[in-house]
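In terms of this note's numbering, the sequence shown opens at residue 1 and continues consecutively. Don't be surprised by glycine CBs; every beta carbon is placed ideally from N, CA and C. For reference, the structure is listed below as structure tokens.
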Amino acid sequence: MNVTQPVPGLQHRTVLLDEAVDALALEGDRTAGIYIDGTFGRGGHSRLILSKLAPEGRLIGFDKDLQAIATAEQMNDPRFSIVHDSFATMREALAARGVHQVDGILLDLGISSPQVDDASRGFSFRNDGPLDMRMDTTRGISAAAWLAEVPEKQLEKVIRDYGEERFAFQIAKAIVAGRAIEPISSTRQLAAIVANAVKTREKGKDPATRTFQAIRIFINQELEDLEAGLNAAFELLAPGGRLSVISFHSLEDRMVKQFLASKAKVEQPDRRLPIRAVDLPKPLMKLISKTKPSGVEVDANPRARSAVLRVAERLGADA
């Protein structure tokens with residue numbers, strides 16, 4: 001298979017599509033602004049944003065996945081351009097294009113359904129495939145190569161911290177024992193090792209779920225990218241600009257929540273100090289909303305059940 005081409009038959013349902021785009025407040029003069037879709041995926045959010053933009057508006061997409069890039073390159077709209085890189089690099093990538101301020105940024109942090117359902121990508125334990133897990137298959141080390149050499153203590157820490165897995169010690173020990181017998185090169189191999197190491201299971205959840213999540217997050221540096229991307233987004237947003245972020249697990253959502261809260265709150269000085277109201281510290285962002293998918297959406301797309309959309313607005317110096 002040519003990894004640069006989307007796989008036929010694998011469809012993606014964009015989670016919180018209308019809610020995330022509506023949060024950018026694309027009305028009036030704002031429709032002529034510059035917007036960022038930091039996680040293009042299969043283009044659901046981008047297409048809806050473009051449908052609301054004025055002719056002079058501009059949308060710049062980012063994605064690490066070659067199949068996403070191939071989909072983006074099929075879009076025939078002069079207002080749209082795509083960057084093959086992580087949204088963590090958006091500040092530098094935009095500066096190279098002469099853009100230093102934008103009116104809205106959307107980040108959908110979820111892994112797309114085609115990535116999960118395509119066994120050759122190695123993201124899922126449900127179908128057997130090579131243990132790769134890289135969003136960008138042109139860079140970095142595969143999950144199989146990493147598992148072949150990672151020290152047991154580091155593996156345990158990754159599974160515990162990124163998977164929030166209480167059996168991290170047992171799983172890491174089993175993986176190291178398994179690789180001593182034969183290389184762990186397929187998703188089914190890894191899933192079977194984890195299943196044998198985990199003696200109790202959460203109802204309705206495969207025992208390998210948390211371990212696969214942890215390894216994927218580590219291989220793709222997802223939390224590091226998120227931290228860098230949130231900081232870049234804040235610096236790029238113009239006053240009144242909106243940041244719309246969809247997260248899918250507690251680690252991501254906690255980072256987004258804490259980041260936005262840190263920008264929306266300020267330490268107030270002692271009231272007894274003679275400081276004029278105009279000189280008091282002011283928040284840098286305003287929290288707008290927190291939204292979860294409706295029951296109807298979850299019924300239609302069970303993968304949406306853990307999604308959380310958080311929205312904030314950049315305030316001006318006179319906020």
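Cβ-based neighbour list, residue i, same chain, cut-off 7 Å, excluding 5 preceding and 5 following
i    : result
E19  : T291, L309
R30  : D103
F169 : E156
R134 : G140, S142, I219, N220
A300 : none
Q189 : none
A264 : P283, M285, K286, L287, A312
L260 : M285, L287, R310, A312
CB contact flag (residue i, residue j, <8 Å)
i    : j    : result
S186 : D128 : yes
S247 : D253 : yes
K64  : S46  : no
P333 : L315 : Since the displayed the chain opens at 1 and closes at 319, residue 333 lies outside it and no answer follows.
G38  : M75  : no
I159 : A214 : yes
A95  : V83  : no
R13  : S124 : no
V99  : I49  : no
A32  : E56  : yes
R79  : R58  : yes
Identity of the residue in the options nearest residue i by Cα
i    : options                : result
G28  : K153, T14, D103        : D103
E227 : H84, A23, S120, M255   : M255
D118 : A300, S86, R47, D132   : D132
L16  : A144, A264, L107, A143 : L107
F331 : E165, G241, P151, G295 : Here the chain comprises residues numbered 1 to 319, so residue 331 is not present and cannot be evaluated.
R91  : L230, Q258, E73, V296  : L230
M326 : G295, T209, Q258       : Outside the displayed range of the chain (1 to 319) lies residue 326, so it cannot be described from this structure.
P183 : L147, I171, H84        : L147
I323 : K203, A177, A172, G163 : Nothing about residue 323 can be read from this structure; the chain reaches only from 1 to 319.
I69  : A144, F40, T137        : F40
D22  : E149, G241, V99        : G241
H249 : I111, A96, V83, I34    : I111
P151 : A177, P78, F167        : A177
R121 : Q67, I171, A72         : Q67
A238 : V266, L260, Q101, Q189 : Q101
D161 : V116, L251, G57        : L251
T137 : Q115, K153, Q154, R201 : Q115
L109 : E222, K205, K265, A264 : E222
K199 : F167, G295, E73        : F167
Residues of its chain near residue i, where Cβ-Cβ distance is below 6 Å and the 5 sequence neighbours each way are ignored
i    : result
I60  : I36, S81
R303 : none
A322 : Residue 322 is absent from the structure shown; the chain starts at 1 and stops at 319.
D318 : In this predicted model, D318 has a pLDDT of only 46, less than 50, meaning its place in the structure is not dependable enough to derive any value.
A195 : P207
A144 : L131, S185
T4   : Low per-residue confidence applies at T4: pLDDT is 39, beneath 50, and the placement is therefore not dependable, though the value from the model is reported in the following sentence. Cβ within range, chain order: L66, A70.
A72  : F40, G61, I82
A54  : T31, A32
Supposed contact pair residue j and residue i - C-beta distance, whole angstroms, cut 8 Å
i    : j    : result
A307 : L287 : The pair is not a contact, with the Cβ atoms about 18 Å apart (cut-off 8 Å).
A208 : A180 : Wrong, their Cβ atoms sit about 20 Å apart, outside the cutoff.
I193 : A174 : 5 Å
8 Å CB neighbourhood of residue i in its chain, flanking five on each side removed
i    : result
R305 : P293, V298
E224 : A88
G9   : Summary for G9: the model assigns pLDDT 42, below 50, so the residue's position carries little reliability; its value from the coordinates is reported in the next sentence. Contacts found: none.
S289 : A23, L309, R310, V311
| said: Ignoring anything shorter than 4 residues, give me the alpha helix (DSSP H) runs that lie fully in the segment 30-77, in order along the chain. | reply: 44-52, 66-72
| 4 or more residues per run - each alpha helix (DSSP H) lying fully within the segment 214-292 | 222-236, 250-264
| Entirely enclosed beta strand (DSSP E) segments - the segment 91-119, minimum 3 residues | 102-108
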